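Following: one structure in structure tokens, then a few remarks.
Residue numbers (the working numbering): 6 to 278.
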């Protein structure tokens with residue numbers, strides 16, 4: 006995925022998919038909890054599980070932000086690690102789900118070759134997958150005992166939490182409790198809560214609430230839902246509870262937030278129905 010941003014984005018709520026992000030020009034800033042991650046041409050960004058966050062960047066038509074994103078999946082990671090023929094190390098500490106790393110010359114070369122390849126449909130079809138695998142391989146080599154390796158270990162606590170996050174992300178409207186999520190992860194409630202917070206920086210219910218609120222915001226912004234319809238679509242039974250939690254999270258009511266974002270980005274309201 007290659008993106009060119011020609012206008013600035015104010016600090017905005019997003020939900021990240023697992024991804025490796027490279028910036029060819031400009032810089033981006035991501036906020037997760039009390040952590041700030043800045044990535045630019047000298048630094049790349051790795052997110053190994055789906056997480057709600059905030060993001061911003063400064064850009065203009067004359068000075069755009071150029072970004073390459075490579076999606077992460079555990080199957081590809083496992084295949085590459087298997088081909089590397091390296092034993093899966095035991096990690097005493099839970100790895101961080103979000104990291105930034107300095108770009109190496111070898112990794113930079115692979116990214117540039119992929120971007121050149123994408124200019125030609127035939128090159129992209131014949132060489133693209135191989136180059137993506139090379140980039141993931143080099144990230145794995147540089148990351149060592151990090152989250153990507155943990156994600157490929159199907160029996161580790163990190164992978165068990167990641168599996169639950171994927172399910173929450175896929176169907177956040179489904180009724181869920183901490184107990185049901187812990188059972189899915191094959192952990193006690195106490196162990197699940199502890200490991201979940203180590204990975205995401207938030208409690209299970211805080212994470213679920215944030216995912217639902219962010220999804221509701223997208224439905225209102227892009228699909229023309231009103232607040233009560235969006236609330237029901239993401240699993241809220243009470244529109245008033247949804248509005249209270251939305252304002253507590255974002256500092257404004259649902260409609261105030263959407264209007265602010267439309268004014269900042271120049272987007273026009275979507276029509277539904």
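Cβ atoms here follow ideal geometry from the backbone N, Cα and C, with glycine treated the same way.
Please read all numbers here as calculations on a predicted model, not as lab measurements.
Here residue 177 really is in contact with residue 216; their C-beta atoms are around 5 Å apart, less than 8 Å. If you draw a straight line from the Cα of residue 129 to the Cα of residue 192, it is about 43 Å long. An exposed status is given to residue 199, since fewer than 16 other beta-carbon atoms sit within 10 Å of its beta-carbon. Residue 81 sits in a helix when the DSSP states are folded into three classes. Around residue 210, the same chain offers 183 as residues with beta carbons nearer than 8 Å, after the five sequence neighbours per side are excluded. With fewer than three CB-CB distances shorter than 8 Å, the region 81-90 does not count as touching the region 19-37. Look at residue 33 here: in three-state DSSP terms it is strand.
In this structure, the beta-carbon distance from residue 52 to residue 107 does not fall below 8 Å. Under the 10 Å beta carbon count, residue 38 is surrounded by fewer than 16 other beta carbons and is classified as exposed.
Taking the CA atoms as reference points, residue 219 sits about 11 Å from residue 212. When Cβ pairs closer than 8 Å are counted between the two stretches, the region 141-154 is seen to touch the region 110-125, the count reaching three or more.
Taking each of 185, 141, 232 and 42 in turn and checking the Cα distance to residue 251, the smallest one comes out for 232. Distances from the alpha-carbon of residue 153 to those of 127, 50, 18 and 221 put 50 closest. Between the beta-carbon of residue 70 and that of residue 28 there is about 7 Å, and that keeps the pair under the 8 Å contact cut.
Pairing residue 40 with residue 201, the inter-Cα distance amounts to about 17 Å.
With 16 or more neighbouring CB atoms inside 10 Å of its own CB, residue 57 falls in the buried class.
Residues of the same chain with a CB within less than 7 Å of the CB of residue 44, apart from the 5 flanking positions on each side, are 26, 28, 32, 33, 50 and 105 in chain order.
Beyond the five residues adjoining it in sequence on each side, residue 78 comes within less than 8 Å, by CB distance, of 23 in the same chain, given in chain order. About 7 Å separates the beta carbons of residue 17 and residue 61, which is inside the 8 Å limit, making them a contact pair.
Excluding sequence positions up to five before and after residue 197, its CB lies within less than 6 Å of the CB of 187 and 190, all in the same chain and listed in chain order. Sequence-distant Cβ neighbours of residue 118 in its own chain, meaning closer than 7 Å and more than five residues away, are 136. Per DSSP, residue 61 is not a residue of any alpha helix (DSSP H); the beta strand (DSSP E) it occupies stretches across 56-62. Here residue 7 is exposed. Its C-beta has fewer than 16 other C-beta atoms within 10 Å.
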